[in-house]
Structures are given as structure tokens and as C-alpha cells.
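Working notes, beginning with the structure itself.
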Amino acid sequence: MFVTSRNCRLRKEILMRHHLSFTLQIILGLIILPLSAAEYSIWGTTNKKIAIYQPGEKIIFTLKLLQDNTPVSGKKIVWTRTGDDGKKESGSAMSTKDGIHIETSLDRPGFVRIRAYAFDENGKKIQGYIGGWGKKKTGAIFFDGGACVQPEKLKAIEEPADFDEFWQSMKQKLAAVPIKAERKELPFKDPRIKLYAVSVTCAGPRPVTGYLSLPANAPQKSLRAIVQYHGYGVRNHKPPKWVPGNAIVFNINAHGMPLNMTEEAFRKFAATLKRYAFNNEENKDREKAYFYGMALRVMRSLQYVKSLPEWDGKNLDIQGGSQGGLQGLWAAGLDPDVTSADIWSPWCCDLGGITVGRMRGWRPDFTPALNYYDPVFHARRIKGKVKLVANLGDYTCPPSGVWIVYNNIPHNNKALEVRQGCTHGYQMKNHDRFLVTPENIRELPPGNKK
0 MFVTSRNCRL RKEILMRHHL SFTLQIILGL IILPLSAAEY SIWGTTNKKI
50 AIYQPGEKII FTLKLLQDNT PVSGKKIVWT RTGDDGKKES GSAMSTKDGI
100 HIETSLDRPG FVRIRAYAFD ENGKKIQGYI GGWGKKKTGA IFFDGGACVQ
150 PEKLKAIEEP ADFDEFWQSM KQKLAAVPIK AERKELPFKD PRIKLYAVSV
200 TCAGPRPVTG YLSLPANAPQ KSLRAIVQYH GYGVRNHKPP KWVPGNAIVF
250 NINAHGMPLN MTEEAFRKFA ATLKRYAFNN EENKDREKAY FYGMALRVMR
300 SLQYVKSLPE WDGKNLDIQG GSQGGLQGLW AAGLDPDVTS ADIWSPWCCD
350 LGGITVGRMR GWRPDFTPAL NYYDPVFHAR RIKGKVKLVA NLGDYTCPPS
400 GVWIVYNNIP HNNKALEVRQ GCTHGYQMKN HDRFLVTPEN IRELPPGNKK
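Under numbering that gives the first Met the number 0, think of the first position of the sequence shown as 0, with each following residue one higher.
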């Protein structure tokens, strides 16, 4: 009896210890897991939600380090200020619940930019979600944003005297090549939609290639048309998985590349286009620049869509961001039949701005020949409605160039959305936004609200 009773007590003690250990692990797990899963970010704003100022007016940035959307104190934030005045300043401060404050100003029309990082107790940059275009979406968290002074007064450099003559000659080259399209019907999950792989003859080095979709059995002259253009890069152009069911949609790549290539064929093709459009020697000549063939394909894509019997003859819409926005502004300026253009952070706007001191973006070095492809000049010829987006932290496609495009559009059917703390590949949570139109400038609800 004694042995049995002792064994029972031992078993109870062991079980109790295991229970306590397991319970402690659960408790510790509940404590540790939220810490390991904490999401850090830097949120920023200016003392004016509509970040437009006068020359010499004080601009105050407030930056907050957030952990799971709650302000964090005691971490070092290091910042740098640059601007269209050529001045550079830097500083640091410890984060507080009320944020750190950075004061600056600008004495001329243009933009200032604030870029900041946060550091932990060991002097290492704090990591978190940073967005971007690659597979990796995490890295050193940052704030990248800005403010502007009298942006309505920003002007492009002088336009080439023979700008219109050059583009008329380009259209004549296109006219010498009849529109002939090869269409191959592809299977699509929705039987109400017809999908085609299309190649269209074009002047220049390569044809127009892309995917055309439209409702099955659509009557003649019954559909609006949408033409979509791609951002920078070389990607194997695969068929779309979803398309609008009430319109003609022509989604074209920038290169006239064969569609849906094998991986081996694609690798060989892509290897021929490394750093395309950045060849300084080619860019000295307007007809040797990579943009030459790209622009011809843009014009031919519109001509082809307008030749389709289903097009209603009235509504021709353009969509594109970044390089797709560059192409979209060419389209809207070169074809008066374009009725609307929805353009996000267009690339290569105001290429010559660096010659008058404006901050540059990630783009080819300026040459006078590239002026013929600069959207700030094409904007002056746009007839249709335009909706633009500019990000105050986007120095792939700087906001100054986008604003000059807006200024140069010669009618009132235009709008520009401006976003604080957003870059080319990252949208700050709860970012300030405002909308600029010829009638007024008004604050919008926060963007990327979470």
C-alpha cells in the first residue's frame, strides 16, 4: 500500500509539472507571438493635409514610428531632406508618441522630399513591410514623402520646334504599313467572352502583340474600347485570367514580343532587352531611341482597335501606370479619338527638368532627342478626359513631372490625385490624399485605410 500510494503521488507530481510546463509554454507563447509578429511602419504627414505651400512658408513634417498602428517611443529616426532648390539637410531624433517634427521650406516653385529610416537599440534598421515589385516585400521600413510650393507655376523646358512635324512623319510611316492582324482564339473560362492572341503589323522593328477580349456575339458599333499598356520590364506575356465583360479590351506589351513563349524562348528574348531605353548613344537620335518603336506600336494599337466593327466609334479609353502611363499619355496626345486616360505615376515626365535643377527620377539620362517622347509636351495636345496620380515619395517618376503634365493639359476635364508617403511600389497606410482640379483643390479620405 505504501509503495502504491507513493507511486501515485509521484505520478501526480510529474503530471502537475508537465501541466505547469505546458501552461507556461502557452502563456509564453501568447506573450511572445504578438511581439514576433509585430508590424512596424513609419507614418508621416505635414502641417497642411493639402501639402501645397508658398515660397518661404514653413513646412512641418511629423513622422511617427508605429508598432501595430500604435506610436512607439525611444527608437532613433534618421532623416534626409532634399529639394528642387538643390539643398540637402539631415538629422535624427528619438521617436515619441507625438512623433518627431522636421521643419523646412522652399523658396521657389517645386518640391521637397523627406526620406527617413528607424533604428533599433543595436543600431540596426527596423524591418517590416515595404511593398515593391519583386517577390520580397519586407525590408528596412521607411518614410518617403514630400510637399510642394506653387506647383501650378512649374513649367517644362522649351519644346522642340519641329515636334508636330516629327510626329506627323511617324504617322506617315505607319500609314505606309497596312493594318493586318493575326488573331488566334484562346480558351477562356467564361463562355460569354471571346479571347484572342493578336499580332498586328506595324512600322518599326516589331509588330503590336497582345490579348484582345470582347463579349461573344457583340453587335457592331456596340462596345466602348479600352487599351491597356504595361509598365517597365520584360515579362512573358501570358493570357489574362479576368477581363471586363462589357467592353473591347486590348492589352498590349511594350515590346511587340511573341506571346506566351516557352521559358527558354523567353529567356533568350529578354536577354536582348536588358536595360532597354537606357542606351545613351541610341538616345541621342530620336529614331534610334528604344521609344521610337514603342511609340509606333502605341499608335498602331489604337488604329487597330478603332478598325474593329464592334467598337462604338465614340468611347476609347486608355489605362496605364509607370511606363504604361508614359505610353498612355503618348496615346492620348497623338490620337484625338482617345476620350479618357486613367494614368498612374507616368514615367519619363519632364526629362529636361534636371537641367533647371529639379530632382531626377529613375529614368534615362536627358538628351534633346528624348524631348520628342516626353509626356509634358504630348499633354498639350490631349483632347480627352485625364485622371492622373502622383506620389509625393515617388522618385522613379517624380511628382514634379506629373504635375507639369497636369498643368500642360489644355482643358478643364482633368484631375490629379496626390498621395503623401507613397512611392512607386509602396502605399503608406492611412496616407493623406488630395485632389487637384481646375475648379478647386480638396482633401480626400485617407488612402490604404487600415
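Just so it is clear, CB atoms sit at the ideal spot from N, CA and C, and this is done for glycine as well.
Computed from a predicted structure; not experimentally measured.
Check: Residue range of the beta strand (DSSP E) that includes Asp316; Outcome: 310-320
Check: Per-residue DSSP class, three states only, for Thr354; Outcome: helix
Check: C-alpha distance - Ser91 paired with Gln326, whole-angstrom precision; Outcome: 41 Å
Check: CB contact flag (His452, Asn407, <7 Å); Outcome: The requested residue 452 does not occur in the structure, where the chain is confined to residues 0 to 449.
Check: Distance CB(Arg359)-CB(Ile353) smaller than 7 Å; Outcome: yes
Check: As assigned by DSSP and simplified to three states, the class of Pro409; Outcome: coil
Check: Closest Cα partner of Ser72 within the set Ser94, Ile58, Lys57; Outcome: Ser94
Check: Contact between the stretch 198-206 and the stretch 328-338 (3+ Cβ pairs under 8 Å); Outcome: no
Check: Whether Thr137 touches Arg114 by CB criterion (7 Å); Outcome: no
Check: Contact set for Pro104: own chain, Cβ-Cβ below 7 Å, skip 5 residues either direction; Outcome: The question names Pro, but residue 104 in the sequence shown is Ser. Closer than 7 Å at the Cβ level, and outside the excluded window around Ser104, lie Gly55, Glu56, Lys57, Ile58.
Check: Candidates Lys386, Arg299, Leu443: closest to Pro177 by CA position; Outcome: Arg299
Check: Simplified DSSP state of Phe21, which is helix, strand or coil; Outcome: The pLDDT assigned to Phe21 is 36, lower than 50, so where the model puts this residue is not dependable; a value taken from the coordinates is nonetheless given after this. In the structure shown, Phe21 sits in a helix (DSSP, three-state: H, G or I).
Check: Close beta carbons around Tyr128, own chain, < 8 Å, minus the five adjacent residues each side; Outcome: Glu38, Ser40, Lys136, Thr137, Ile140
Check: Contact check, Ala146 vs Val111, beta carbons under 7 Å; Outcome: yes
Check: Own chain partners of Pro70 with C-beta closer than 6 Å, once the 5 adjacent residues on each side are dropped; Outcome: Lys63, Lys96
Check: Cβ-Cβ distance between Val401 and Cys348 below 7 Å; Outcome: yes
Check: Closest Cα partner of Phe376 within the set Glu157, Tyr228, Ala246; Outcome: Glu157
Check: Nearest candidate by alpha-carbon position, reference Glu466, set Tyr231, Arg432, Pro238; Outcome: The requested residue 466 is not part of the displayed model; the chain covers only 0 to 449.
Check: Beta-ladder partner(s) of Asn250, from DSSP; Outcome: Tyr210, Gln227
Check: C-alpha distance - Gly320 paired with Pro374, whole-angstrom precision; Outcome: 13 Å
Check: Residue from Gln126, Leu387, Phe249, Ala269 whose Cα sits closest to the Cα of Arg418; Outcome: Leu387
Check: Integer Cβ distance of Asn252 from Gly312, believed to fall under 8 Å; Outcome: In fact, because the Cβ distance is near 26 Å, the residues do not count as touching under 8 Å.
Check: Residues sharing a beta bridge with Ser198, DSSP; Outcome: Glu181, Thr208
Check: Simplified DSSP assignment, three categories, for Asp341; Outcome: strand
Check: Rounded separation between Leu459 and Phe365 - CA only; Outcome: What the structure shows of the chain is the stretch from 0 to 449, and residue 459 is not part of that stretch, so it cannot be assessed.
Check: Backbone secondary structure at His430 - three-state DSSP; Outcome: strand
Check: Extent of the continuous alpha helix (DSSP H) to which Trp166 belongs; Outcome: 162-174
Check: Same chain, Cβ closer than 8 Å to Lys449, neighbours up to 5 away in sequence not counted; Outcome: Asn68, Lys428, Asn429
Check: Own chain partners of Asn412 with C-beta closer than 6 Å, once the 5 adjacent residues on each side are dropped; Outcome: Lys384
Check: Anticipated Cβ contact below 8 Å, Asn259 with His229, distance rounded; Outcome: That pair is no contact at about 15 Å.
Check: Local conformation of Phe376 per DSSP, three classes; Outcome: helix
Check: Ala294 versus Leu65 - alpha carbon distance; Outcome: 44 Å
Check: Rounded straight-line distance, which links the Cα of Thr61 to that of Leu443; Outcome: 19 Å
Check: C-alpha distance - Gln227 paired with Arg107, whole-angstrom precision; Outcome: 37 Å
Check: Phe162 versus Leu350 - alpha carbon distance; Outcome: 15 Å
Check: Alpha-carbon to alpha-carbon, Pro398 and Arg432; Outcome: 13 Å
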